[in-house]
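Sequence positions in the sequence shown follow full-length UniProt numbering and run 1 to 244.
Encoded as structure tokens, the structure appears first; notes follow it.
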Amino acid sequence: MPIDLFCIPYSGSSATTFYKWRPKLNEGTRLVPLELAGRGMRMREPLYQSVEEAVSDLYEKLVKERKSSSYVIFGHSVGGLLTFELTQKILAKGEIEPPSHLFFSACRPPHSAHDEEVVHTLPNDRFMEKIFALGGTSIDVLSNPSLMEMFLPIIRADYRLYETYVYPGNTRKLPCPVTILSGDLDKLATPECLTEWQVHAPYGFQHKVLQDTGHFFVEDRLDDTIASVNTVLSAVDEGLRETS
């Protein structure tokens, strides 16, 4: 059965990051990268000031772009936090069916989303030094001065979203099975921390830890990441066929 795979970009990236996924995905999977304001084809639009603003925008885009009755959402890093809150909005509004599966990749659970340390307000040189040390931004961007100049405001805005997010504490349980992806060397979203997603996932939880890779395994281990997604999507498809 056709399945829409919505993908939400991570810090400093755009929807184009996911274009390379398309030829590697299972037949019948329709890739739908959701572009965030202020980057890619939406570069001229102002950056989001809050998670709530981003989620309202993403909700409108998802409702408009959804073609298949069944869909899943993939979010990496800050994209995972947006995926969680987007799912909460889908449940609260009740206008469309909830997703069939959710992927949270290199993303800490919302109740422990970030540390007390705040970096998005630091001066540029300190900010760049800090995010390089944390490994929270693609090395391709960090090591390229011209790219860094272009993406620095975007990365700072993404960190602001993440660091100003306040977990409301009264969220609904996730309505479908959940897959967690993590890198064993990740210092920002450690595999141990990511196991805490279980408290939000009463309908099924699995956690795959990729070896010898850090926060950006979605780039460094692209084929392994997509293979993990494809395995889950095959199971989702099988389940949908059994219930149709």
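Beta carbons: idealized from backbone N, C-alpha and C, even for Gly.
Item	Value
If you draw a straight line from the C-alpha of Glu65 to the C-alpha of Tyr71, how long is it?	11 Å
Have a look at Thr179, Met150, Asp212 and flag the residue whose alpha-carbon is nearest the alpha-carbon of Ser14.	Met150
Using 8 Å for Cβ pairs, my map puts Ile3 next to Val236. What's the rounded Cβ distance?	6 Å
Looking only at its own chain, which residues have a Cβ that is under 7 Å from the Cβ of Val55, when we skip the five neighbours before and after it?	Leu82, Glu85, Leu86, Lys89
Distance check for Asp212 and Ser191, CA to CA, integer angstroms please.	The sequence shown places Pro at residue 191, not Ser. Straight-line Cα distance between these residues: approximately 12 Å.
Closer than 8 Å by C-beta to Arg30: which residues in its own chain qualify, once you throw out the five before and the five after it? Chain order, please.	Pro2, Ile3, Asp4, Leu5, Lys67, Ser68
From Glu185 to Glu238, what does the alpha carbon distance come to, in whole angstroms?	Glu is not the amino acid found at residue 185; the sequence shown has Leu there. C-alpha separation (whole angstroms): 33 Å.
Measuring only the C-alpha atoms, how far is His111 from Asp57?	23 Å
Check Val178 in the structure and name its three-state DSSP category.	strand
Ends of the beta strand (DSSP E) at Phe18?	Segment: none, Phe18 is in no beta strand (DSSP E) and carries neither H nor E.
Tell me whether Leu233 is buried or exposed, calling it buried when 16 or more other Cβ atoms sit within 10 Å of its Cβ.	buried
DSSP beta-bridge partners for Gln206?	Thr179
Rounded to a whole number of angstroms, what is the C-alpha to C-alpha distance between Ile226 and Leu152?	28 Å
Skipping 5 residues on each side, what residues in its chain have a beta carbon closer than 7 Å to that of Pro202?	Lys173
Look at the alpha carbon of Leu240 and the alpha carbon of Phe103, and state the distance between them as a whole number of angstroms.	18 Å
Please report the straight-line C-alpha distance between Tyr48 and Ala157, rounded to a whole angstrom.	7 Å
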